[in-house]
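A short worksheet on the structure shown next.
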Amino acid sequence: MSEYNKLLEAIEFLKTKGIHNSDVGIILGTGLGKLVNEIEIKHIIPYSEIPHFPESTVEFHSGKLIIGRLGEKNVIAMQGRFHLYEGYSANQVVFPVRVMKLLGVQLLLVTNAAGGINLNYSKGQIVLLDDHINLLPDNPLIGSNIDELGHRFPDMSAPYSKRVGKIVVEEAEKLGYTIEKGVYASVTGPNLETRAEYRFLRTIGADLVGMSTVPEVIAAKHMGLECVAISIVTDLCDPDNLEEAKIEDILTNAAIGEQELLRIVPKVIERV
Ligand code: HPA
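Using my numbering, read the sequence shown as starting at 15 and increasing by one per residue.
What follows is the structure, encoded as structure tokens:
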């Protein structure tokens, strides 16, 4: 079966559950599930029920689509996303993003936990992405182009929406701070990086490093979706003073930044 027909089957299933016409798609990153509590939930659909959806394997990801209202918009949130390190191809990773688009979503809002290569950042801080570097050995657009979704050679001159980015900056200002912007480099993981790799990432212009986001944004741009992405800095990647990274600390710092996300995201969605 073609990829497009698989998508149509997933859409058909979701429509029989009463889900249609969403405005904003949200991807919740590692340790960032609390935003779901802000959603006035209408439906919860486990990934395992949706035809052709990959199954989430990381234990702290519960793997559900949450459909409801947030900031006076219809939203679809992914609680639990797919990563290359789980063994999925980039094409599998973006299946849900394509589903969101076919359900009418016009804006994709992505969150993630990331390492801070830029040492002006601090742990727990949120950073608005303004560009990315794809270091993954895969790309969701490899293979036959899905002509129904977009062109073979999509433009990537501005993956992140300036319009929505401006709204994020303004809402941060209203909350009393200046939000930093940064370039996100995507790596496969699952190991964190060596000191030499952090130096390399700094040299090539990355401010942040993480194991997600870029495949989803590439697929979204292919379909003409606007994208906005916010990272939470969970650890500082200082090659000259590198501390051992512990997953518990990463999750603790993700939870600190999440408080800021909870304040800003509903306001941004209201204005897009
Ligand atoms: N490297 C890669 N991914 C990450 C990191 C990191 O330092 N921190 C959180 N996700």
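For each residue, glycine too, the CB sits at the ideal point set by N, CA and C.
Integer Cβ distance of residue i from residue j, believed to fall under 8 Å
i, j, result
"residue 160", "residue 18", "5 Å"
"residue 130", "residue 263", "Actually they do not touch by this definition, with Cβ atoms about 13 Å apart."
"residue 226", "residue 97", "6 Å"
"residue 55", "residue 82", "4 Å"
Nearest neighbour of residue i, chosen from the options [CA to CA]
i, options, result
"residue 189", "268, 281, 269 and 34", "281"
"residue 90", "220, 25, 184 and 153", "25"
"residue 119", "40, 221 and 44", "40"
"residue 177", "80, 142 and 97", "142"
"residue 14", "137, 100 and 237", "What the structure shows of the chain is the stretch from 15 to 286, and residue 14 is not part of that stretch, so it cannot be assessed."
"residue 221", "182, 46, 113 and 144", "144"
"residue 215", "251, 259 and 230", "251"
"residue 180", "229, 38, 37 and 285", "285"
"residue 77", "217, 43 and 184", "43"
"residue 256", "208, 203, 84 and 117", "208"
"residue 22", "232, 99, 116 and 149", "116"
"residue 151", "35, 55, 104 and 163", "104"
"residue 202", "100, 186, 154 and 283", "100"
Span separating the alpha-carbon of residue i from that of residue j
i, j, result
"residue 30", "residue 58", "14 Å"
"residue 92", "residue 195", "24 Å"
"residue 213", "residue 134", "15 Å"
"residue 241", "residue 261", "28 Å"
"residue 140", "residue 166", "34 Å"
"residue 74", "residue 95", "In this prediction, residue 74 has a pLDDT of 44, which is less than 50 and means its spatial position is unreliable; nothing more can be read from the coordinates."
"residue 27", "residue 113", "11 Å"
"residue 132", "residue 210", "15 Å"
"residue 38", "residue 218", "32 Å"
"residue 199", "residue 87", "30 Å"
"residue 148", "residue 236", "15 Å"
"residue 164", "residue 270", "38 Å"
"residue 186", "residue 223", "22 Å"
For residue i: DSSP bridge partner residues
i, result
"residue 92", "41 and 79"
"residue 122", "39 and 241"
"residue 130", "222 and 250"
"residue 199", "147 and 223"
"residue 60", "78"
"residue 141", "194 and 245"
"residue 260", "BP columns for residue 260 are empty, so no partner."
Count Cβ pairs between the region 37-54 and the region 275-284 that sit closer than 8 Å; are there 3 or more? yes
At a cut of 8 Å, does the region 230-249 reach the region 114-127 through at least three beta carbon pairs? yes
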